[in-house]
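A.B. asks: For the sequence shown, the working numbering assigns the number 1056 to the initial residue and increments by one for each residue that follows. Every residue, glycine too, gets a C-beta built ideally from N, C-alpha and C.
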Amino acid sequence: MTKSRVKKEEDKKKNNLKSLPVLSTLKEGLHLIGNPPLSVICIMRKVHFPAIKLTSEPNTHKYFTQRYGLFSKYDEGIQLDDESWYSVTHEIIAQHIAYICRNCSIVMDGFAGVGGNVIQFAKYCKVLAVDIDKSKLEMLENNANIYGVLSNIKCIVDDFLNIPSHNCRVDVVFASPPWGGPGYLNSRVFDISEMAPKLQEILRACEKIAENTILYLPKNLDPLDIYRIIMETHLKYKKIEFQVISKASAVS
Ligand SMILES: C[S@@+](CC[C@H](N)C(=O)[O-])C[C@H]1O[C@@H](n2cnc3c(N)ncnc32)[C@H](O)[C@@H]1O
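1) Do Pro1273 and Phe1245 have their C-beta atoms closer together than 9 Å?
2) Taking the straight line between their C-alpha atoms, what separation do you get for Ile1161 and Glu1296?
3) In chain order, what are the residue ranges of uninterrupted beta strand (DSSP E) at least 3 long that sit wholly in the stretch 1155-1238?
4) Is the beta carbon of Phe1215 within less than 8 Å of some heavy atom of ligand 1?
5) Could you tell me the boundaries of the beta strand (DSSP E) in which Leu1270 lies?
6) Verify whether the separation of the beta carbon atoms of Glu1146 and Leu1125 is less than 9 Å.
7) Under 8 Å by Cβ, that's how I've got Ser1216 and Ala1260 pegged, so tell me the actual separation to the nearest angstrom.
8) Quick one: is His1289 buried, meaning 16 or more other Cβ sit within 10 Å of its Cβ, or exposed?
9) Can you tell me the Cβ-Cβ gap for Ile1155 and Val1204, rounded? I've got them flagged as a contact below 8 Å.
10) Can you give the Cα-Cα distance for Ile1187 and Gly1165, rounded to whole angstroms?
Rendered as structure tokens:
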């Protein structure tokens, strides 16, 4: 393919994404500290937790109404467990994050869950999908198969903090760790110290694996907390970019 053709294809993809409802309402704020190439990009989203008790019957809880926002191919046999119904990344946001990584060869998702992000990454590149919960990765494989991207994904059942740096080059580590439960919904500022695993440990693990890290975190996080953690933990990141997703229509 000629260079101009490649560019045209890329622009087309970009425009397609832009024409989708959620991305058109994305507000991106950019804060740069230092110089590239080592980078952390924090994609922050509005904190949103269900007010009602989740049950294992998907059609009885409110997230069922958002099923096509989570997975557009939901009806083809997508599998989610209770936790995933509220913690999976909405498809349109996952597309946005994956597009940032469109030129990567290998991305590692350290908290892969049932594959909301992994499936979108796998449309562009190879993905190492890590999760501590084997049953989630089994659902991920089922879901990735529905999207026709399973051949680009390798699942690893393990604690992300114990993952050794791989022999192969990983371009970006993506981490959407658990945010700590609904309790912090009432806080004006997300209490980063409540996270388990701790963000310090997550970033240390990320740094060992790749030069670039993308974190997916709640929007009420204070960006300075991230900066402080990087400084205090003596991490080598030189560039931090924050993209704030202020309103995703997929989140009602
Ligand atoms: C917020 S969910 C990720 C959702 C995922 N991005 C998606 O769209 O499907 C967090 C995931 O981290 C996993 N997890 C929690 N602690 C972990 C650890 N120490 N190592 C690896 N995975 C972990 C949980 O099992 C859960 O699936």
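C.D. replies: In short:
1) Mapped onto the sequence shown, residue 1273 falls at position 218. Mapped onto the sequence shown, residue 1245 falls at position 190. The answer is yes: Cβ separation under 9 Å.
2) Taking the first residue of the sequence shown as 1, we reach residue 1161 at position 106. Taking the first residue of the sequence shown as 1, we reach residue 1296 at position 241. Taking the straight line joining both Cα atoms gives about 21 Å.
3) Whole beta strand (DSSP E) segments, 3+ residues: 1161-1164, 1181-1186, 1208-1212, 1227-1230.
4) Reading the sequence shown from its first residue, position 160 is the one you call residue 1215. Taking 8 Å as the cut-off, the C-beta of Phe1215 counts as close to a heavy atom of ligand 1.
5) If you number the sequence shown from 1, residue 1270 lands on position 215. Residue range 1267-1273 is occupied by the beta strand (DSSP E) that includes Leu1270.
6) Locating residue 1146 in the sequence shown gives position 91, counting from the first residue. Locating residue 1125 in the sequence shown gives position 70, counting from the first residue. In this structure, Leu1125 lies closer than 9 Å to Glu1146 by Cβ.
7) Along the sequence shown, one-based indexing puts residue 1216 at 161. Along the sequence shown, one-based indexing puts residue 1260 at 205. Checking the sequence, you will find Leu at residue 1216 rather than Ser. Between Ala1260 and Leu1216 the Cβ distance is about 5 Å, and since that is below 8 Å, they are a contact.
8) Counting from 1 along the sequence shown, the entry for residue 1289 is found at position 234. Flag for His1289 reads exposed.
9) For the purposes of this step, residue 1155 is taken as the residue at position 100 of the sequence shown. For the purposes of this step, residue 1204 is taken as the residue at position 149 of the sequence shown. Wrong, their Cβ atoms sit about 17 Å apart, outside the cutoff.
10) On the sequence shown, position 132 is the one that residue 1187 refers to. On the sequence shown, position 110 is the one that residue 1165 refers to. Roughly 9 Å separates the two Cα atoms.
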